[in-house]
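Trainee: Going left to right, the sequence shown walks through residues 23 to 268 as our numbering numbers them. Even glycine gets a Cβ: it sits at the ideal position worked out from N, Cα and C. These numbers come from a predicted model, not from an experiment. Before anything else, here's the structure in question.
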Amino acid sequence: MDFRLRLFLLSIVALKTLGLVIENTFTTPKIAYKSFVHIADFLQYVVDINKHGLDLSGITTLTFTVKACHAVRIIMSNSDDGDSSKPMYNFEIGSNKNIRSGFQRRNDDSLTPASQKTVFYDTPGVCSCDEYRPFWISVINGVLMIGKGLIVGINVIAEWTDPNPFIVRSIGLFTSQHILGEWKVQIEDDGSHLGVTRTYNESSSNSKEYITMKSSTMDLTIDTTRAIESIIDKDKHETKTNGKSH
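As structure tokens, this is what we get:
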């Protein structure tokens, strides 16, 4: 990843620490396998975060923890009303029985090979059935990334540049292959949700249970500062090494 882009991503995290981050908990139900590239109306199966009072229009990064054996997916769509004919990304973690992670892009709902793109990387054992694993995703200026941990820009496990990026207007969560997904998604708060957050349990029948819980903050300032310093030191070392080799 380009050095300037890494610093830009870390700066975003540093700025977010000035405010409150609300942890929103979601459950994705056990359903049969659904292919992102073979089902036209794919958005009907996702748990749409926007429907729960969260305005995610224009969002470029997301941090979360998830407990699921494999097949974890985050769908970023250009539609804010569940229109599967609009462009969308599939960020997939632990695909193929927990051995690969990567991206899929659809231009529309035509399902033609020319309208789709798939890029995957080997990431064995990335998800867990028994514990919450932390991840982040980002899509900035067409650069899509998935990483481990909660510091955006650190521990990248998959990266792809989309030559024709679009504005993200909604985010959906999804687990298939009869895998239950338990999610804790962190959203920066604008001050209107102080004090409480909600747990959303969405079943296959689309009924919902609402449970109020205390909000939580994420103070990543120290970790972010250390991460930035580490990257700067590493790049300085690489620059000196390259200079000597010439």
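Taking the alpha-carbon of Gly116 as reference, which of Glu45, Trp182 and Gly147 has the nearest alpha-carbon?
Mentor: Of the candidates Glu45, Trp182 and Gly147, the one whose C-alpha sits nearest the C-alpha of Gly116 is Gly147.
Trainee: Should Gln66 go down as buried or exposed, given a rule of 16 or more other Cβ atoms within 10 Å for buried?
Mentor: Under this definition Gln66 is an exposed residue.
Trainee: Look up Gln199 in the DSSP assignment and say whether it is helix, strand or coil.
Mentor: Note: Gln199 maps to coil in three-state DSSP.
Trainee: What is the DSSP secondary structure of Phe188, reduced to helix, strand or coil?
Mentor: Reduced to three states, the DSSP call for Phe188 is coil.
Trainee: Which whole-angstrom value describes the C-beta separation of Leu133 and Val59, a residue pair presumed to lie in contact below a C-beta threshold of 8 Å?
Mentor: Leu133 to Val59, Cβ: 7 Å. Contact.
Trainee: Closest to Cys151 by C-alpha separation, out of Phe125, Trp205 and Ile193, would be which residue?
Mentor: The residue with the shortest Cα to Cα distance from Cys151 is Trp205.
Trainee: Kindly list the residues whose CB is nearer than 8 Å to the CB of Gln138, restricted to its own chain and excluding five residues on each side of it in sequence; keep chain order.
Mentor: So the qualifying residues of the chain are Val59, Gln126, Arg127, Arg128 and Asn129.
Trainee: Going by DSSP, name the residue or residues bridged to Glu45.
Mentor: DSSP lists Gln208 as partners of Glu45.
Trainee: In or out: Pro109 buried (at least 16 other Cβ within 10 Å) or exposed?
Mentor: When all chains shown are included, Pro109 counts as buried.
Trainee: Around the Cβ of Pro185, are there at least 16 other Cβ atoms within 10 angstroms (buried) or fewer (exposed)?
Mentor: Exposed: under 16 other Cβ atoms inside 10 Å.
Trainee: Tell me, to the nearest whole angstrom, how far the beta carbon of Gly203 is from that of Thr85; I am working on the premise that it is less than 8 Å.
Mentor: Between Thr85 and Gly203 the Cβ distance is about 16 Å, and since that is not below 8 Å, they are no contact.
Trainee: Which residue wins for smallest C-alpha separation from Ala62, given the options Ile71, Ser106 and Glu45?
Mentor: With distances taken between Cα atoms, Ala62 lies closest to Ser106.
Trainee: Tell me which residue opens and which closes the alpha helix (DSSP H) that Asn100 is part of.
Mentor: Asn100 -> no alpha helix (DSSP H), and no H or E assigned at all.
Trainee: Going by the DSSP bridge assignment, what does Glu114 pair with across the sheet?
Mentor: Glu114 is bridged to Arg95 and Gly124.
Trainee: Per DSSP, which residues does Lys89 bridge with? Please list them.
Mentor: Its beta-bridge partners are Glu204.
Trainee: Excluding the five sequence neighbours on either side, which residues of its own chain have a C-beta within less than 6 Å of the C-beta of His92, listed in chain order?
Mentor: So the qualifying residues of the chain are Gly116, Lys119, Asn120 and Cys149.
Trainee: Given this structure, state the Cα-to-Cα distance separating Tyr5 from Thr82, to the nearest angstrom.
Mentor: Not covered by the structure: residue 5. The range shown for the chain is 23 to 268.
Trainee: So if DSSP puts Lys310 in a beta bridge, which residue, or which two residues, is it bridged to?
Mentor: The chain is shown only over 23 to 268; residue 310 falls outside these bounds and no answer can be derived.
Trainee: Can you pull the DSSP bridge partners for Phe142?
Mentor: Per DSSP, Gly124.
Trainee: Just to confirm, are Asp131 and Ser192 a CB contact at a threshold of 9 Å?
Mentor: Going by C-beta atoms, Asp131 is not nearer than 9 Å to Ser192.
Trainee: Take Val190 and list the residues in its own chain whose beta-carbon comes closer than 6 Å to its own, dropping the five residues that flank it on each side.
Mentor: Once the five neighbours on either side are set aside, the close Cβ partners of Val190 are Ile81 and Met98.
Trainee: Could you tell me the alpha carbon to alpha carbon distance between Ile53 and Ile201, rounded to whole angstroms?
Mentor: Answer to the nearest angstrom: the Cα atoms are 7 Å apart.
Trainee: For Thr183, which residues does DSSP report across the bridge?
Mentor: Paired residues: Val165.
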